[in-house]
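In numbering that gives the first Met the number 0, the protein residues as written are 0 to 119.
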Amino acid sequence: MAQTLFDKYGGVPVVTDIVRDFYKRVMRRPNLRRYFVNVPLENVIHHQIAFVSMVMGKTPHDYSGRSMKEAHRGIGITSASFELAAQLLSDTLVAAEVEQDDIDAIMKKVASLRADIVEK
Ligand code: HEM
């Protein structure tokens, strides 16, 4: 079985650092923070973990029974917000010294989820 990027970059400990950094970058942006104002902090952290882990090769079933479409229905995520979140993830991965080819693959995966997440 092919190794996932999640495993290649050290699994939970390394991905935890990536998640922390990504979380900080997202929460510094009012444009992204606003989606999480009424979400309990625990769920917000869980979200960042799910976001990073999923696009690095873990399946959604490890995190939630809901499909990406169901999970984001009614939130009203805009195209600009999606782009910004993707950009911040890419910045985080560069800072974590993830190889460029792998970043490209991750961003492709992010882009493939776009239609299920963006509503506006
Ligand atoms: C590829 C991109 C993304 C992935 C893989 C992803 C992943 C997830 C997952 C797995 C859940 C469900 C969590 C659960 O039910 O346990 C979720 C919910 C949610 N997502 Fe995303 N997400 C992405 C992009 C975004 C973006 C760009 C935003 C807003 C800026 C966002 C905001 C939310 C919110 C507010 C929830 C509901 C949280 C709650 O009520 O607990 N997501 N996402």
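Beta carbons: idealized from backbone N, C-alpha and C, even for Gly.
On a predicted model such as this, the values are computed, not experimentally measured, just so you know.
Three-state class that DSSP yields for residue i in the structure shown
i, result
"T77", "coil"
"N42", "helix"
"Q99", "helix"
"V117", "coil"
"G9", "coil"
"Q47", "helix"
"Q86", "helix"
"M55", "coil"
"N37", "coil"
"T3", "coil"
"R27", "coil"
Distance cut-off 7 angstroms: residue i Cβ against heavy atoms of the ligand HEM
i, result
"L87", "no"
"V14", "no"
"M67", "yes"
"M21", "Rather than Met, the amino acid found at residue 21 in this sequence is Phe. Because no heavy atom of the ligand HEM lies under 7 angstroms away, the Cβ of F21 does not count as near it: no."
Opening and closing residue of the alpha helix (DSSP H) in which residue i lies
i, result
"A70", "67 to 71"
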